[in-house]
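Here is the structure we will look at.
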Amino acid sequence: MTKLPLCFMLLACSLFVVTPLASAQPPTRSGYDVSWFDEFDSSSLNTSLWTAANTNVTTNNSLQDYLPEQVSVTGGNLTITSENVASRGLPHKSGLVTSTALQKHGRWDVRAKLPTSKGMWPAIWLLADAPWPSQGEIDIMENRGDQPNLTSSAFHYGTNPPFEHNFRYAEQTAVHDGADADYHDSFHTYSVEWDPNQIRFYVDDVHHWSLRDSDVGGFLTNDVGDMRLIINTAVGGDFLDNPDASTVWSQKLEVDYVHAYTKSSTGPILSFENGGFEEQGGSLAQWSKFGDAINNVSSGNERIELGDEALKLFGQFNGETNYSGIEQGISVKAGDELLASADAFIASIDSITGSGNQVELKIDYYSELYGQFGSSDYISTDSIVLADGGSLNDSWLNRQLSSFAPANAVEARLAIVFTQQGNAGGAVYIDNASFSVVAVPEPSSSVLFLLTGIVVGVRRKRKSTN
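Under full-length UniProt numbering, the final residue of the sequence shown carries the number 466; numbering is consecutive throughout.
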């Protein structure tokens, strides 16, 4: 979402973080401390946390007048209402709120239900108090009102003066139980984790994109400033088609909560979650997706071993060898023994039998948390084949992989990778994945006594020889 100068959007500014006093605390997150939050449980906008914009200055050729009256808090939600009502020389009314808190690095979670009609441009984003885009802009989520199944994330950067604008972006979709996720018909959680050298984007706790400092020429470490959170609905503009006769009025962007976190001094301890793909009623929450070009990485209930959901993988059908799947890391130290396990199922009606397609269970090691595969952060890989063209059909197959963390490893990442050769067909289902550091048994009291006796005996022998 670009680019409304904050001097027009803000009626007041604050350089400190404000945390509401009376409300349930957000969930704890390893490596993070709560900095501020709003559950929108009051009857009006908390002006210690938010400023509602009052401006008819537009950017991106949008068509709305931002007015405080279009922002309300009721029923536990922040609501931004967009209307087909002319105001101050513009054809539509809408709303925008900006956080009073400035923050650099951390995590933001925003749970929202998006408006749905042509011309609606809801956005959740972070922006610095500086001439745009000289200190960057992080678009956590943007959506077009006539595209209910797709959201996008972006990073804008450059200089001003002289003005130069660059950007990187990624779009994401999801499939659950064979149907496209609809971001207009219910609430979904949009999140970002911002580190000094990396930004990670999530929808419903599924990691769909990482932007690294190397992608933007060192801009993250050298030029990005403290930012405010902005939530708004623009109407029309360069990002999408303008409203027309098909547009349904009025439209609402509803926000259930905002949770903001700063990085703690201890750093995160990564742990393995959702190996059965059951979280949030069945999902890939806690996993990172890759190669999901045609919704070929999804959770569903077509074939399950335990619970109600399983992972389904097939190829991208791009005519080349391609790789798709999911991955999730845990914190380790050198010498740790790790054990990974997963079950695979090939249905004879959509089989990979006789093809070069296969699914591997891999453990990748990294010297940095959230490191990039193939970069200097990557150390090594151990792997086994879960299923291939010679595997038994219509039966669940279990495979296990044991491995030891090499020197300098701080993260071990379990990857489940579908490799497609050309356009060879077939799918593989995965369930009951597990991944952990093997616990070292505590020695029994008798062993401790024996070991102590040996140590004492050695010491006495040394003393007697002096």
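Every residue, glycine too, gets a C-beta built ideally from N, C-alpha and C.
Inter-residue Cα distance where the pair is Ser117 and Leu240: 11 Å
Who does Phe314 pair with in a DSSP beta bridge? Ala427
Assign Ala22 to one of two classes, buried (16 or more other C-beta atoms within 10 Å of its C-beta) or exposed (fewer than that). Because Ala22 sits at a pLDDT of 47, beneath the cut-off of 50, its placement in the model cannot be relied upon, and the point is left open.
For Ser298, which beta-bridge partners are listed by DSSP? Lys312
Does the pairing of the segment 181 to 191 with the segment 103 to 120 give three or more beta-carbon distances under 8 Å? yes
At what residues does the beta strand (DSSP E) containing Leu369 begin and finish? Segment: none, Leu369 is in no beta strand (DSSP E) and carries neither H nor E.
Spell out the partners DSSP gives Ser153 in its beta bridges. Ala170
Between which two residues does the beta strand (DSSP E) carrying Asn232 extend? Met227 to Val235
Could you tell me how far apart the beta carbons of Asp65 and Arg88 are, in whole angstroms, since I believe they sit closer than 8 Å? 5 Å
According to DSSP, simplified to helix, strand and coil, what is Asp213? helix
Does the structure place the segment 299 to 310 close enough to the segment 426 to 441 that three or more beta carbon pairs sit under 8 Å? yes
Own chain residues within Cβ distance below 8 Å of Phe404, not counting five before or after: Gly335, Asp336, Glu337 and Leu338
On the DSSP bridge list, what partners appear for Phe272? Beta-bridge pairing links Phe272 to no other residue.
Going by other Cβ atoms of all chains shown within 10 Å of its Cβ, with 16 needed for buried, is Val57 buried or exposed? exposed
Classify Pro196 as helix, strand or coil using the three-state DSSP reduction. coil
Need the endpoints of the alpha helix (DSSP H) that Asn357 sits in, please. Where Asn357 is concerned, there is no enclosing alpha helix (DSSP H), given that its DSSP letter is neither H nor E.
Secondary structure at Gln70, three-state DSSP: helix, strand or coil? helix
Work out the CA separation of Phe155 and Leu229 for me, nearest whole Å. 14 Å
In this structure, what does DSSP give as the bridge partners for Tyr183? Answer is none; Tyr183 lacks a bridge partner.
Element boundaries [alpha helix (DSSP H), containing Phe219]: Phe219 to Asn222
Distance check for His105 and Asp226, CA to CA, integer angstroms please. 8 Å
Which class does Glu137 belong to by DSSP, given the choice of helix, strand or coil? strand
Proximal residues to Asn61 (C-beta, below 8 Å), its chain only, five neighbours per side dropped: Gly236, Gly237 and Asp238
If you draw a straight line from the alpha carbon of Asp146 to that of Gly119, how long is it in whole angstroms? 7 Å
List the DSSP bridge partners of Pro122. Thr233
Buried/exposed call for Pro441, threshold 16 Cβ in 10 Å: exposed
Where the beta strand (DSSP E) through Asn77 begins and ends: Asn77 to Ser82
Three Cβ pairs or more, each shorter than 8 Å: is that satisfied between the segment 311 to 329 and the segment 413 to 426? yes
Provide the residue(s) that pair with Gln328 in DSSP beta bridges, ordered along the chain. Leu414
Assumed close pair Ser191, Tyr202 - CB separation to whole angstroms, cut-off 8 Å: 4 Å
Extent of the continuous beta strand (DSSP E) to which Ala344 belongs: Glu337 to Phe345
What residues are listed by DSSP as bridge partners for Asn322? Gln420
Span of the beta strand (DSSP E) around Asp41: Note, Asp41: premise wrong, no beta strand (DSSP E); not H, not E.
Cα separation between Ile138 and Gly390? 46 Å
Would Gln421 count as contacting chain C if we go by Cβ distances under 8 Å? Here chain C cannot be found, since the structure has a single protein chain.
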